[in-house]
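Colleague: Residues 11 to 165, numbered by my numbering, are exactly what the sequence shown covers, in order.
Before we start, here is the structure in question, set down as structure tokens.
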Amino acid sequence: MTDRELLRHALAVLAYRGGKPIRNAPPGFASFDTGGGHTPLVILAHLGDLIVWTLSHAKGEGKWPNHTPTTWDEEGARFFEALAALDAHLASDAPVHAELTRLLQGPIADALTHVGQLMMLRRMSGSPVYGENYLVADIVTGRVGPEQSAPVRPF
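Right, dumping it as structure tokens:
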């Protein structure tokens, strides 16, 4: 597996894990407030920003998106659309103008952290999403949309 393929697989992991707290979020979850920090909607919009920014770096631009959060559904769609665009760029012969290791250690790792925040906030809001044994999960490189396999071995 090349570094580029490994980064693509990391995007598939992000789509799989990120889809869990995004899917079937109850009404009102987007604005759930713990009394400090960001709401789930702001975190989800930031996830999209991170992936858009990653693609910008891959294309040699390095420009942070100036995006204002909209709705939960629109931000979820934006997140998956950004993953698909980045995955398509990495799957193509187009040059990548950033070190792949830096893309992984920076915005991709940051995005995984924020997915964990959304999972925690779902539990705190009374709408938990349960973990699973990710070692045996059916995560496929290139599958970066909202449609993902069912858990193989949920906890």
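For every residue, glycine included, the Cβ atom is placed at its ideal position computed from N, Cα and C.
1) Please classify W82 as buried or exposed, where buried requires at least 16 other C-beta atoms within 10 Å of its C-beta.
2) Can you find the residues in the same chain that come closer than 6 angstroms, C-beta to C-beta, to N143, ignoring five residues on each side of it along the sequence?
3) Which partner residues does P164 have in the DSSP bridge list?
4) Around the C-beta of E71, are 16 or more other C-beta atoms found within 10 angstroms, so that it is buried, or is it exposed?
5) Just to check my reading of the structure: F90 and L54 have Cβ atoms closer than 8 angstroms, yes? What is that Cβ distance to the nearest angstrom?
6) Can you grab the Cα-Cα spacing for the pair P138 / T78, in whole Å?
7) When you compare the CB positions of L65 and A92, do they come within less than 8 angstroms of one another, or not?
8) Out of A108, T12, R14 and G29, state which residue places its alpha-carbon closest to the alpha-carbon of E157.
Modeller: Answer, in terms of the structure:
1) Position 72 of the sequence shown holds residue 82. Its Cβ being crowded by 16 or more others within 10 Å, W82 is buried.
2) As a position in the sequence shown, residue 143 is number 133, starting the count at 1. The residues are R163.
3) Within the sequence shown, numbered from 1, the residue matching residue 164 stands at position 154. Answer is E142, bridged to P164.
4) Looking up residue 71 in the sequence shown gives position 61. Label assigned to E71: exposed.
5) By one-based count along the sequence shown, residue 90 stands at place 80. By one-based count along the sequence shown, residue 54 stands at place 44. So it is not a contact: roughly 11 angstroms between Cβ atoms.
6) For the purposes of this step, residue 138 is taken as the residue at position 128 of the sequence shown. For the purposes of this step, residue 78 is taken as the residue at position 68 of the sequence shown. Taking the straight line from one Cα to the other gives about 27 angstroms.
7) Position 55 of the sequence shown holds residue 65. Position 82 of the sequence shown holds residue 92. Yes, the Cβ-Cβ distance between L65 and A92 is below 8 angstroms.
8) Mapped onto the sequence shown, residue 157 falls at position 147. The residue with the shortest Cα to Cα distance from E157 is G29.
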